[in-house]
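**Student:** Remember, the working numbering sits 179 above the position in the sequence shown when you count from 1.
Where is the CB? At the ideal position from N, CA and C, for every residue including glycine.
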Amino acid sequence: MPYSSPIHDRNLDTNNKQIIIVLIMFATMITLILYGLFALSNHLVDFIPVSFEQKIGALILGDFEQGNQINNTQIQLNKLLDKIEQKLPLDTPEKRDYQVIYVSEDVVNAIALPGDKIVIYQGLLEKIESENELVMILGHEIGHFAHRDHLRSIGNLILMKMVINYFLGGSEILQSGADLTNLIVNAQYNQNQEKKADLFGLNLLYQYYGHINGATDFFLRLNKEEKTNPEIAFLSSHPLPKKRIINLEKLIKENNYPSKEKTILQIS
180 MPYSSPIHDR
190 NLDTNNKQII
200 IVLIMFATMI
210 TLILYGLFAL
220 SNHLVDFIPV
230 SFEQKIGALI
240 LGDFEQGNQI
250 NNTQIQLNKL
260 LDKIEQKLPL
270 DTPEKRDYQV
280 IYVSEDVVNA
290 IALPGDKIVI
300 YQGLLEKIES
310 ENELVMILGH
320 EIGHFAHRDH
330 LRSIGNLILM
340 KMVINYFLGG
350 SEILQSGADL
360 TNLIVNAQYN
370 QNQEKKADLF
380 GLNLLYQYYG
390 HINGATDFFL
400 RLNKEEKTNP
410 EIAFLSSHPL
420 PKKRIINLEK
430 LIKENNYPSK
440 EKTILQIS
């Protein structure tokens, strides 16, 4: 019968425990460092001047304007946006000049670009049935600008790529303007950011009309289409519409916002 020393076995168990403890400590340290880096990155975003943000936007603006000449639809969208801007809070700390870029593509999405540009796709506009819905969507995107969410999402993605490249190796973070464009298009906001942007859009909708009818219409329609067409770009870059509907209805109830007749959409 083979002999096994109990002392030797205990040493192995002790060594294994020590190795596990060291690995846990190392993983905890890395996690804390990464958390600190992301927290610092998100904090520093508030100090980025609007002028610098506009330079970032200029790098990728051509990718959205290419092949999309200014047309009557874009002019009408910007006239509406100018009216919405007049209802913004007077204590807004930074002067901005929001503009819509209308892209004639069958994509159901809206994007906030650095430099105060809001991309509205033809596919999105075709699904909107009232002016109120459009004002809510535009107000939501302005909310992302107000909270610098678009810059935070871009910064987090770049930082994540840097971390991955550091540990796993890889090519440069951004090799071209197309990479930056792709980064911005695929940037996603967390649930808290979307909730705050929805509240901003809801308040702006109320300031514009004096009521909030139409605030949830677009999301109700998307919620019905989600099961049949889950690949809608708006669904992949924004939280599920059902959650947003519940949250908006809660906010409407809390603020006791009235609901009146909706305005016909006259943009075509």
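Would the segment 332 to 342 and the segment 385 to 395 be scored as touching if the rule is three or more Cβ pairs under 8 Å?
**Tutor:** Touching, no, given that fewer than three Cβ pairs across the two stretches are closer than 8 Å.
**Student:** On the criterion of 16 or more Cβ atoms from any shown chain inside 10 Å, does Tyr214 qualify as buried, or is it exposed?
**Tutor:** Flag for Tyr214 reads exposed.
**Student:** By how many angstroms is the C-alpha of Lys196 removed from the C-alpha of Leu202?
**Tutor:** The straight-line gap from Cα to Cα measures roughly 10 Å.
**Student:** Where does the unbroken alpha helix (DSSP H) through Ile425 begin, and where does it stop?
**Tutor:** Unbroken alpha helix (DSSP H) run through Ile425: 420 to 434.
**Student:** Considering just the uninterrupted stretch of the beta strand (DSSP E) at Lys296, what are its terminal residues?
**Tutor:** Note, Lys296: beta strand (DSSP E), 296 to 300.
**Student:** When burial is assigned at 16 or more other CB atoms within 10 Å of the CB, is Lys296 buried or exposed?
**Tutor:** Buried, because 16 or more other Cβ atoms sit within 10 Å of the Cβ of Lys296.
**Student:** Ala218: buried (16+ other C-beta within 10 angstroms of its C-beta) or exposed?
**Tutor:** It is exposed - the Cβ of Ala218 has fewer than 16 other Cβ atoms within 10 Å.
**Student:** Find the nearest neighbour of Ile290 within the set His329, Phe205, Gly389, judged by alpha-carbon distance.
**Tutor:** Of His329, Phe205, Gly389, the residue nearest in Cα terms is His329.
**Student:** Buried or exposed: where does Gly322 fall if 16 or more other Cβ atoms within 10 Å of its Cβ makes it buried?
**Tutor:** Counting Cβ neighbours within 10 Å, Gly322 comes out buried, since at least 16 surround it.
**Student:** Would you list the one or two residues that DSSP bridges to Leu292?
**Tutor:** Paired residue(s): Lys296.
**Student:** Using 8 Å for Cβ pairs, my map puts Leu292 next to Val298. What's the rounded Cβ distance?
**Tutor:** About 6 Å; that satisfies the 8 Å criterion.
**Student:** With C-beta atoms as the reference, is Ala366 less than 8 Å away from His326?
**Tutor:** Against a cut-off of 8 Å, the Cβ pair of His326 and Ala366 comes out as no contact.
**Student:** At a cut of 8 Å, does the segment 381 to 392 reach the segment 252 to 271 through at least three beta carbon pairs?
**Tutor:** The segment 381 to 392 vs the segment 252 to 271: in contact.
**Student:** Quick check on the burial criterion: 16 or more other C-beta atoms within 10 angstroms. Buried or exposed for Gln245?
**Tutor:** Exposed.
**Student:** Using 8 Å for Cβ pairs, my map puts Ile443 next to Leu256. What's the rounded Cβ distance?
**Tutor:** In fact, because the Cβ distance is near 16 Å, the residues do not count as touching under 8 Å.
**Student:** Could you have a look at Ile391 and say whether DSSP puts it in helix, strand or coil?
**Tutor:** Three-state result, Ile391: coil.
**Student:** In its own chain, which residues sit with a C-beta less than 8 Å from the C-beta of Phe379, not counting the 5 before and 5 after it?
**Tutor:** Answer for Phe379: Gly318, His319, Ile321, Gly322, Ala325, His326, listed in chain order.
**Student:** Measure the alpha-carbon distance for Lys374 versus Thr193 and round it to whole angstroms.
**Tutor:** Each residue's Cα considered, the two are about 49 Å apart.
**Student:** Judging by CA-CA distance, which residue of Lys403, Leu238, Glu312 is the nearest neighbour of Tyr387?
**Tutor:** The candidate whose alpha carbon is nearest that of Tyr387 is Glu312.
**Student:** Is it buried or exposed for Met315, if we count other Cβ within 10 angstroms and need 16 for buried?
**Tutor:** With 16 or more other Cβ atoms within 10 Å, it is buried.
**Student:** How is Val224 classed by DSSP in three states: helix, strand or coil?
**Tutor:** In the structure shown, Val224 sits in a helix (DSSP, three-state: H, G or I).
**Student:** Return the Cβ separation of Gly389 and Gly294 in integer angstroms, given the expectation that the two are a contact with Cβ distance under 8 Å.
**Tutor:** At roughly 31 Å, the Cβ-Cβ gap does not stay under 8 Å, so Gly389 and Gly294 are not in contact.
**Student:** Suppose the cutoff is 8 Å on Cβ atoms and the five residues either side in sequence are ignored; what does the same chain contact list for Val282 look like?
**Tutor:** Only Phe243, Asn247, Val298, Ile299, Tyr300, Gln301 meet the Cβ criterion.
**Student:** For Glu310 and Leu259, what's the separation of their Cα atoms in angstroms?
**Tutor:** Each residue's alpha carbon lies about 9 Å from the other.
**Student:** Just checking my contact of Ile431 with Ile391 at CB under 8 Å: how many whole Å lie between their CB atoms?
**Tutor:** Indeed they touch by this definition, with Cβ atoms about 6 Å apart.
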